[in-house]
Amino acid sequence: METLKSAVPDALKQEISNSTPSQLPSTCSSLLHFFHKLPQFHQMIKDLTDPSVALCCKDRNAALENKLKGNECFSKGEYSNALLFYSKALRFAPVDMGDMEINLVALLYVNRASTLQKMGLLLECLRDCSRALRVSPRYAKAWFRRGKGNISLGKFEDAIRDLNISLMLEISSSGKRQIEAELKIALDKFKRIGIPGKKTNQNQSEVPDEPDQVKLQCLLTTTKGRGMFCVDDVSEASLVHKEDPYAAVILKKCRETHCHFCFNELPADAISCVSCSIPLYCSDWCQKQAGAPKFDRSSNSFSDLEGLADDLKNYMSDVVLAGTSTLDTGHIAEHRHECQGFHWPLILPSEVVLAGRILVKVIEQNRHASADSNLVGFLDLSHNYVQLPPESKLEMHIYSIILLHCLQHVYRTELPISGIMVSKPVILLSQIQVNSMAVVRMQAPEVKGPIYEPGNALTSNIEQVKVGQAVYVAGSFFNHSCQPNIHTYFLSRTLHVQATEYILAGSELELSYGPQVGQWDCKDRQRLLEDRYSFTCQCTSCSELNVSDLVINAYRCTKLNCLGVILDRTVTTCEKQKLKLLIDAPTVYSKQVEKLKDANIAEVACHVFESDYKLEPQHCLVCDSYRDLESSCAAISQTENCCKRLQDAIASNDVPTNILRDAVKYADLLRTIFHPYNKIIAEVEDNLAQAFCLVGELQAAIDHCKASIQFESSFTLKIRRPLLPSCDTL
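Just so you know, we're using the numbering used here here: the sequence shown kicks off at 47 and counts up by one.
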């Protein structure tokens, strides 16, 4: 990328940086014409699309090398390492279904199944045995391993069938003796438990408990464009909206840990694509949904076995063909065009790969509809191209040209490359930037061993981790508010939108794009939204004074008993803009203090809003006392390394006494400088609570934990709501 960017003439760069959407066909055509004469560009496209140099092709030698390492680890009893090497081998192993009766893939699945059984992962073991049999239905060892797995699971009838089939297929006398011994065990256990009664259909009582979704309207607003509104009243916790993505892609950092289709964590028996080594899936279902090529083994593979009872042949058919039928996916297979021996999906940024999936979906939909491949206006979403910085505009131009050349290796005449065609992915990339959602998963801290052992105290927070990026067409119409009334969560890759409060009919449904009141102050929220989404938030919380924005980063008054706040210059400037709007609008000039249960918070609110609104930096809003913030910040900077050392110690589960002692002194200093409801105080209290818990001083941990909780419950939950207009005048 840097090579291509540096090669672009300055005049063309300037033209691109000043371009508008209407000028894109011209700028894209100019850059395309320049690149077609550039040898470095053609070499890059060759590197990204030439299967002979691809990094993601199947590699038999790499598979065999990892298989040998797995065998070595297995023989030493190092089952975790053996599992790792067998999984790597499966990722590289070519199917070569006509190569031999027992091919490499089937052999690796059985080896991994043996490892999984040793690790006590019996269901995973059984699934790998079944996968081996789909590749090589006459593989006696796979049936034998499946039989042993079923014995461990207590499924003795299936185990007897598996072992009888294995006995029929095994040709060596030693192998037959081993199978017979295992079969005797299965028969003895089956006789002891007796013939089980008829199983009831457990699914009959499982009625889906899916609540009805709320009726929504997409309406045009005066300040935020389109938005989603509820037609009727919405109860708290109601399911507002549910939607599968138009297109989705896993983030690069999660490629080895999460399923490339559903984005859930990978199990121990993760499977790869049949034709390439890029994606990993948690199940055969996800693999098929993504569009991976399927195994095709029919019952003819074993129907000619002499001496095998019909019921066992039917059983073999059920096992081998389970899950191999074609699914009605209801969507375009998203990985198929990437699975052609190319490695550009591995190299290009995730958002570019996502753009490629969207383009391919449009082309495929046009194919099914017998329509022309017209990519104009295929997604009716907003974009921020005009507001983009010059560097981003240039990158989008370059990535669009590269992407179309990569896709053309699959779609050829259906995707002619021209200035007009290149301009479509440019707009699409800017649409993805402001409309795509991060698919998240909750991640808990990993604890090894019992939680009561030293160093295993559960003091860390569960955190949200971004694992994927997706475009939800209807979901993108929900506008942002720093005080949202809905929130999103994901089950697999499906978006769910839920109400967080009672919402009146006709109200707009707004979610948070990240920053919320009570977490960030107004200036930081505005900066993030402008940088990431290119809009200035005009929600109530960003346009009216509220206690949260005043105290979350505030300094303490120098008078001991004064609860007034002191602001720095940046916060003061932002809050003065709100104050000006209040003064200029007499109907909202009057404000009342929200009735809060916590007396201290109520007192802070009273002091703030009963002042004369003389917002001056470094002066208390209540008593006008002065604090020299420069000297205060200097005092903090001298000791702030204490907090960093404490955080590192907590992360390593080893908190030395001297570090903890210094952190306590640092916290005492902060309490004399920052306002009691400054979020830094709460964070320090939380760190101290974790540290004291780790060293075993539980009472001190409880005290600091209470202090942190007092901040979170009193401040975050109560004063995050903006103060409402009142008929009383100031």
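Ideal Cβ placement from N, Cα and C applies to all residues, glycine included.
Looking only at its own chain, which residues have a Cβ that is under 7 Å from the Cβ of residue i, when we skip the five neighbours before and after it?
| i | result |
| --- | --- |
| Leu58 | Ser76, Leu77 and Phe80 |
| Gly116 | Ala128, Phe131, Tyr132, Ala135 and Asn157 |
| His306 | Ile296, Pro325, Leu326, Tyr327 and Ala336 |
| Gly560 | Leu574 |
| Arg191 | Val156, Ala159, Ser160 and Cys175 |
| Tyr361 | Arg207 |
| Glu499 | Below a pLDDT of 50, predicted positions are generally treated as unreliable, and Glu499, at 49, falls in that range; the measurement from the model is reported next regardless. Once the five neighbours on either side are set aside, Glu499 has no close Cβ partner at all. |
| Ala401 | Leu449, Pro471, Leu474, Leu475 and Ile478 |
Going by the DSSP bridge assignment, what does residue i pair with across the sheet?
| i | result |
| --- | --- |
| Gly271 | Thr267 |
| Gln510 | Met488 |
| Arg403 | Paired residues: none, contrary to the question. |
| Asn526 | Correcting the residue identity first, residue 526 is His in this sequence and not Asn. BP columns for His526 point to Leu557. |
| Ile409 | Beta-bridge pairing links Ile409 to no other residue. |
| His304 | Glu311 |
| Arg602 | Val611 |
| Leu326 | Ser318 |
| Met483 | Ala516 |
| Leu262 | Cys276 |
| Ile532 | Ala545 |
If you follow the beta strand (DSSP E) that residue i is in, where does it begin and where does it stop?
| i | result |
| --- | --- |
| Glu289 | Leu285 to Glu289 |
| Tyr185 | Per DSSP, Tyr185 belongs to no beta strand (DSSP E) and is neither H nor E. |
| Val668 | Taken as a continuous stretch (DSSP letters only), Val668 belongs to no beta strand (DSSP E), as it is neither H nor E. |
| Ala293 | Ala293 to Ile296 |
The alpha helix (DSSP H) spanning residue i covers which residue range?
| i | result |
| --- | --- |
| Phe81 | Leu70 to His82 |
| Thr49 | Glu48 to Ala53 |
| Lys224 | The sequence given here places Gln at residue 224; Lys does not occur at that position. Residues Ser219 to Ile239. |
| Ala520 | Run containing Ala520: none; DSSP gives neither H nor E here. |
| Asp56 | Asp56 to Ser63 |
| Thr685 | Leu675 to Ala697 |
| Gln454 | Pro436 to Tyr457 |
| Thr66 | Element bounds for Thr66: n/a, residue is neither H nor E. |
| Val365 | Asp356 to Leu367 |
| Phe202 | Phe202 to Leu215 |
| Pro85 | Pro85 to Thr95 |
| Pro391 | Trp390 to Ile393 |
Kindly list the residues whose CB is nearer than 6 Å to the CB of residue i, restricted to its own chain and excluding five residues on each side of it in sequence; keep chain order.
| i | result |
| --- | --- |
| Val54 | none |
| Glu554 | Gly273 and Phe275 |
| Phe738 | Ala746 and Ala747 |
| Arg137 | Ser318 and Ser323 |
| Thr49 | Gln86 |
| Ala152 | Ala178, Val181, Ser182 and Tyr185 |
| Thr246 | Its pLDDT being 42, under 50, Thr246 is placed unreliably by the model, and nothing is read from it. |
| Glu61 | Thr73 |
| Glu384 | Pro391 |
| Met165 | Tyr125 |
| Ser538 | Cys308 |
| Val611 | Leu596, Val597, Ala600, Leu667 and His721 |
| His451 | Ile91 |
So, at 8 Å on beta carbons, what are the nonlocal neighbours of residue i in its own chain, with the 5 sequence-adjacent residues on each side left out?
| i | result |
| --- | --- |
| Asp374 | Summary for Asp374: the model assigns pLDDT 48, below 50, so the residue's position carries little reliability; its value from the coordinates is reported in the next sentence. Cβ within range, chain order: n/a, list empty. |
| Phe720 | Ala600, Tyr601, Arg602, Ile726 and Ile727 |
| Thr685 | Asp708, Lys711, Tyr712 and Leu715 |
| Ile682 | Leu715, Leu716 and Ile719 |
| Cys689 | Ala709, Tyr712, Val730 and Asn733 |
| Leu440 | Lys51, Val54, Lys59, Ile62 and Ser63 |
Measuring alpha carbon to alpha carbon, tell me which of the options ends up nearest residue i.
| i | options | result |
| --- | --- | --- |
| Glu228 | Ile197, Met214, Lys237 and Leu169 | Ile197 |
| Pro140 | Leu110, Ser580, Leu167 and Phe275 | Leu110 |
| Ile473 | Glu61, Ile296 and Ser65 | Ser65 |
| Thr546 | Glu118, Glu282 and Ser68 | Glu282 |
| Asn107 | Ser72, Leu150 and Phe523 | Leu150 |
| Glu311 | Glu731, Val486 and Glu621 | Val486 |
| Val320 | Pro313, Ser329 and Cys264 | Ser329 |
| Val432 | Leu154, Gln69, Gln584 and Asp56 | Gln69 |
| Arg301 | Lys270, Gln515, Thr616 and Glu170 | Gln515 |
| Asn479 | Glu460, Lys113 and Val517 | The sequence given here has Gln at residue 479, not Asn. The shortest C-alpha separation from Gln479 is found at Val517. |
| Arg382 | His88, Leu453, Leu613 and Met488 | Leu453 |
| His665 | Lys752, Leu285 and Arg615 | Arg615 |
| Asn607 | Lys569, Thr586, Pro67 and Ser671 | Ser671 |
| Ile217 | Ser438, Lys187, Ser464 and Phe536 | Lys187 |
| Cys751 | Leu740, Gln736 and Cys528 | Gln736 |
Start-end ranges of the alpha helix (DSSP H) lying completely within the segment 699–735, minimum 4 residues: Correct list: 703–719.
Unbroken stretches of the beta strand (DSSP E), 3 residues or longer, contained in the segment 111–193: Whole beta strand (DSSP E) segments, 3+ residues: zero.
3 or more residues per run - each beta strand (DSSP E) lying fully within the segment 534–599: Within the segment 534–599, the complete beta strand (DSSP E) runs of at least 3 residues are 540–545.
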